[in-house]
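The structure appears right after this line, and notes come after that.
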Amino acid sequence: MAVSSNIVVRIEDLHKRYGNEEVLKGVSFTVRQGEALAIIGPSGTGKSTLLRCINRLTEPDRGRIWLEDTEITSPQTDINAIRQQIGFVFQDFNLFAHLTALDNVRLGLLKVKRLSKREATERAMQELARVGLAEHAEKYPAQLSGGQQQRVSIARALAMDPKLMLFDEPTSALDPELIGEVLQVMQDLAEEGMTMVVVTHEMGFARSVCDEVIFMEKGVIVEQGPPQQVFVNPKQPRTRQFLGKISELYGGT
Amino acid sequence: MGGHNPHPSPLRGGGQKGEGRSEEGGDLKQFLDCQVLAEGSFLRLACDIAPRLLQGTATTFQLTVLAIGLGLVGGILLALGRVYGNKPIYWVSTAYVQFVRGTPVLVQLFLIYYGLPAFEIRLDSLTAAIIGLGLNSAAYQAEYFRGAIQSISRGQMLAARAIGMTNLQAIRHVILPQALRIVIPPWSNELIYTLKYSSVAFIIGAPELMATGQVIASRNFRYFEVFLIVAFIYLVCVLVISKLLDIAEQKLKIPGLEMR
């Protein structure tokens with residue numbers, strides 16, 4: 001699906017400091033509807049912090065963020081209403097440990113969206129089927145593999161009908177042979193036109209699935225552009241250096 | 254040594270140390286009017302005093318259940334206050350827990366039973382015991398719940414907030430259901446402890462099992478046999494409760510959710 005010109009997220013001059021360390025030093029970008037944006041860069045450069053600022057799981061110190069026409073960072077905004085519209089997928093899944101896969105997906109529908117039990121179950125089963133886990137609906141998180149858990153957590157986010165999906169290194173905690181099934185689900189999502197921001201070390205995914213790539217380091221955006229530009233013909237020497245190291249490690253991307 | 258009360262009621266007389274130990278026949282004769290006549294073999298004695306002891310056991314159960322229930326509600330609130338509360342709430346709940354855990358339960362019972370009448374609050378001995386033991390248990394249960402809540406990974410709360418839940422919804426639907434399961438094994442100890450410790454209520458004269466045994470024993474001079482029976486009744490209660498809690502723990506068990 002084509003990327004439209006409607007802007008879903010706009011971020012302006014975002015700053016965040018932990019103690020003496022400024023992890024975000026003025027980050028600005030926009031995400032258009034249907035766009036899949038990858039954020040790459042070395043560990044500890046503020047990528048995850050940036051993602052968490054977007055739904056204010058982490059409070060930014062300075063800067064403004066909009067979801068369509070609503071300013072997320074405004075004190076008047078009902079943040080719980082905003083978060084329903086932003087799906088968040090964590091590195092370590094964070095499935096509710098006491099609930100089955102079905103109940104994990106259903107909880108938000110029942111308690112936040114206040115759907116009837118029948119509607120919620122129907123919707124939850126749809127989402128589980130979408131990530132290929134309908135037959136595991138009655139299993140508890142501990143009975144699922146890492147890849148299955150992450151797919152349930154994607155279904156849990158999708159069930160809320162989000163305008164935007166945020167992925168925080170969704171495959172970093174997975175065994176290598178389980179990464180593929182999660183990336184496949186994400187690729188399907190991108191192709192269906194979901195607007196998404198993905199913090200990832202999977203360069204292959206960023207290159208082949210995403211429409212736009214941001215290379216971040218030390219709290220600033222070093223380079224931004226379509227994957228062809230960033231991966232094949234990076235303008236910044238630092239980007240080239242980083243990508244070179246990565247392909248050395250993983251044998252080419 | 255307390256003086257000899259000619260008509261010791263189970264409500265007041267139980268606390269007097271050495272009561273009925275007199276060698277004089279006069280006191281004993283007076284006791285005989287209002288007592289269970291317990292003579293003969295151990296078995297005969299056991300049969301004679303069983304009905305009254307069972308009555309005392311029923312009161313012990315009532316005392317234990319209400320105290321543990323009061324402690325459960327109070328303990329959860331205190332634990333939430335200590336984990337999620339703002340500064341004033343944190344300090345108040347912490348101070349409460351420290352005060353209760355740092356002072357003897359007898360002093361607490363005396364404060365409530367003998368101390369509160371100074372403020373025109375007069376409680377009967379059983380009510381005072383329920384409230385005293387309940388408030389005491391709340392402090393201990395709070396610490397068990399706090400430990401359980403803090404053992405739950407922070408990601409659980411983040412994930413709940415990320416789908417738009419309020420803090421309160423996240424606590425109610427995600428944190429507490431997990432914490433309450435994790436807490437069952439240590440909480441079982443607290444229940445058994447409360448059952449056994451409810452025996453201190455005899456000192457303010459609550460007519461529970463210990464007090465009943467004390468009155469019967471002192472009237473018949475058969476301390477050893479009577480308290481052996483009392484001990485046996487406590488033991489049976491503890492074993493039954495342990496078994497029930499084991500079953501509950503198995504029923505509520507969820508894969509991957511154990512005390513870590």
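So the sequences go chain by chain: A and B.
All residue numbers for the first sequence refer to this note's numbering, where the first residue is 1 and numbers rise by one.
All residue numbers for the second sequence refer to this note's numbering, where the first residue is 254 and numbers rise by one.
Backbone N, C-alpha and C fix where the C-beta goes; we use that ideal spot for every residue, glycine too.
What first and last residue would you give for the alpha helix (DSSP H) that runs through residue i?
i	result
Val-353 (chain B)	340–354
Glu-503 (chain B)	Note that residue 503 (chain B) corresponds to Gln in the displayed sequence, not to Glu. 476–505 is the span of the alpha helix (DSSP H), which, as asked, contains Gln-503 (chain B).
Leu-37 (chain A)	Element bounds for Leu-37 (chain A): not the alpha helix (DSSP H) but the beta strand (DSSP E), 36–40.
Phe-363 (chain B)	358–363
Ser-208 (chain A)	203–209
Gly-368 (chain B)	Premise fails: Gly-368 (chain B) is in no alpha helix (DSSP H) and is neither H nor E.
Arg-52 (chain A)	47–54
Ser-471 (chain B)	462–473
Where does residue i fall in DSSP's three states?
i	result
Asp-61 (chain A)	coil
Thr-239 (chain A)	helix
Met-254 (chain A)	This structure cannot settle anything about residue 254 (chain A), because the visible part of chain A is limited to 1 through 253.
Phe-314 (chain B)	helix
Gly-327 (chain B)	helix
Ala-159 (chain A)	coil
Leu-510 (chain B)	coil
Ile-416 (chain B)	coil
Ile-72 (chain A)	coil
Asp-280 (chain B)	A caution first: Asp-280 (chain B) carries a pLDDT of 39, below 50, which makes its placement in the model unreliable, though a value can still be read off. Helix.
Ile-405 (chain B)	coil
Leu-264 (chain B)	Below a pLDDT of 50, predicted positions are generally treated as unreliable, and Leu-264 (chain B), at 42, falls in that range; no measurement from the model is reported.
Asn-258 (chain B)	Per-residue confidence for Asn-258 (chain B) stands at a pLDDT of 41, beneath the threshold of 50, marking its modelled position as unreliable; no derived number is given.
Met-254 (chain A)	The first residue shown for chain A is 1 and the last is 253, placing residue 254 (chain A) beyond what the model contains.
Gly-174 (chain A)	Checking the sequence, you will find Leu at residue 174 (chain A) rather than Gly. Coil, per DSSP.
Glu-191 (chain A)	helix
Glu-169 (chain A)	coil
Glu-181 (chain A)	helix
Gly-225 (chain A)	strand
Span of the beta strand (DSSP E) holding residue i?
i	result
Val-23 (chain A)	21–32
Ile-11 (chain A)	7–18
Asp-377 (chain B)	First-last for Asp-377 (chain B): undefined, no H or E at that position.
Met-196 (chain A)	196–199
Please confirm whether residue i and residue j have their CB atoms less than 9 angstroms apart.
i	j	result
Lys-25 (chain A)	Thr-58 (chain A)	no
Met-203 (chain A)	Ile-39 (chain A)	no
Tyr-397 (chain B)	Arg-354 (chain B)	no
Asn-102 (chain A)	Glu-135 (chain A)	Strictly speaking, residue 102 (chain A) in this sequence is Leu, with Asn absent from that position. No, these two residues do not count as a Cβ contact at 9 angstroms.
Pro-460 (chain B)	Gly-334 (chain B)	no
Gly-385 (chain B)	Gln-409 (chain B)	no
Leu-51 (chain A)	Val-9 (chain A)	no
Leu-144 (chain A)	His-426 (chain B)	no
Val-209 (chain A)	Met-186 (chain A)	yes
Thr-447 (chain B)	Ile-302 (chain B)	no
Ile-383 (chain B)	Leu-323 (chain B)	yes
Val-198 (chain A)	Ala-206 (chain A)	yes
Arg-56 (chain A)	Ile-72 (chain A)	yes
Ile-7 (chain A)	Val-27 (chain A)	no
Gly-146 (chain A)	Leu-174 (chain A)	yes
Thr-200 (chain A)	Thr-171 (chain A)	yes
Handout entry: Minimum length 3: unbroken beta strand (DSSP E) runs contained in the stretch 77–157 of chain A
Key = Taken in chain order, the unbroken stretches of beta strand (DSSP E) that lie wholly in the stretch 77–157 of chain A and span 3 residues or more are 86–89.
Problem - Within 9 angstroms of chain A by C-beta, residues of the stretch 418–451 of chain B in sequence order - result: Taken in chain order, the members of the stretch 418–451 of chain B whose beta-carbon sits within less than 9 angstroms of a beta-carbon on chain A are Met-418, Thr-419, Gln-422, Arg-425, His-426, Val-427, Pro-430, Gln-431 and Arg-434.
Practice task
Mind listing, in chain order, the continuous beta strand (DSSP E) runs of no fewer than 3 residues lying wholly within the stretch 418–459 of chain B?
Solution key: Not a single unbroken stretch of the beta strand (DSSP E) spanning 3 or more residues falls wholly within the stretch 418–459 of chain B.
Problem - Members of the stretch 156–174 of chain A near chain B, C-beta cut-off 8 angstroms - result: Flagged, chain order: Arg-156, Ala-157 and Met-160.
Handout entry: Near-chain B residues of the stretch 90–113 of chain A - C-beta to any C-beta below 7 angstroms
Key = For the stretch 90–113 of chain A, which is checked against every Cβ of chain B, the residues closer than 7 angstroms are Phe-90, Asp-92, Asn-94, Phe-96, Ala-97, His-98, Leu-107, Gly-108, Lys-111 and Val-112.
Practice task
Give, in chain order, every residue of the stretch 10–30 of chain A whose Cβ lies closer than 7 angstroms to some Cβ of chain B.
Solution key: Hits within the stretch: zero.
Problem - Positions along the stretch 395–419 of chain B whose CB lies within less than 7 angstroms of some CB in chain A - result: Those residues of the stretch 395–419 of chain B placed with their C-beta closer than 7 angstroms to a C-beta in chain A are Gly-408, Gln-409, Leu-411, Ala-412, Arg-414, Ala-415, Ile-416, Gly-417, Met-418 and Thr-419, ordered along the chain.
Practice task
Can you give me, in chain order, the residues of the stretch 128–145 of chain A that have a beta carbon less than 9 angstroms from any beta carbon in chain B?
Solution key: Within the stretch 128–145 of chain A, the residues whose Cβ lies closer than 9 angstroms to some Cβ of chain B are Lys-139, Tyr-140, Pro-141, Ala-142 and Gln-143, listed in chain order.
Practice task
Scan the stretch 67–84 of chain A for residues whose Cβ lies nearer than 9 angstroms to a Cβ of chain B and list them as they occur along the chain.
Solution key: Listed by position, the residues of the stretch 67–84 of chain A near chain B (Cβ gap below 9 angstroms) are Ile-79, Asn-80, Ala-81, Ile-82, Arg-83 and Gln-84.
Exercise for the section: Would you list, in chain order, the members of the stretch 51–66 of chain A that have their beta-carbon closer than 7 angstroms to a beta-carbon of chain B? Expected result: Residues Asn-55 and Leu-57.
Practice task
Would you list, in chain order, the members of the stretch 498–513 of chain B that have their beta-carbon closer than 8 angstroms to a beta-carbon of chain A?
Solution key: When C-beta distances to chain A are compared with 8 angstroms, the residues of the stretch 498–513 of chain B below that value are Ile-507, Pro-508, Gly-509 and Leu-510, in chain order.
Problem - Against chain B: residues of the stretch 219–242 of chain A by CB proximity under 8 angstroms - result: Shown here is that no member of the stretch 219–242 of chain A has a Cβ falling below 8 angstroms from a Cβ of chain B.
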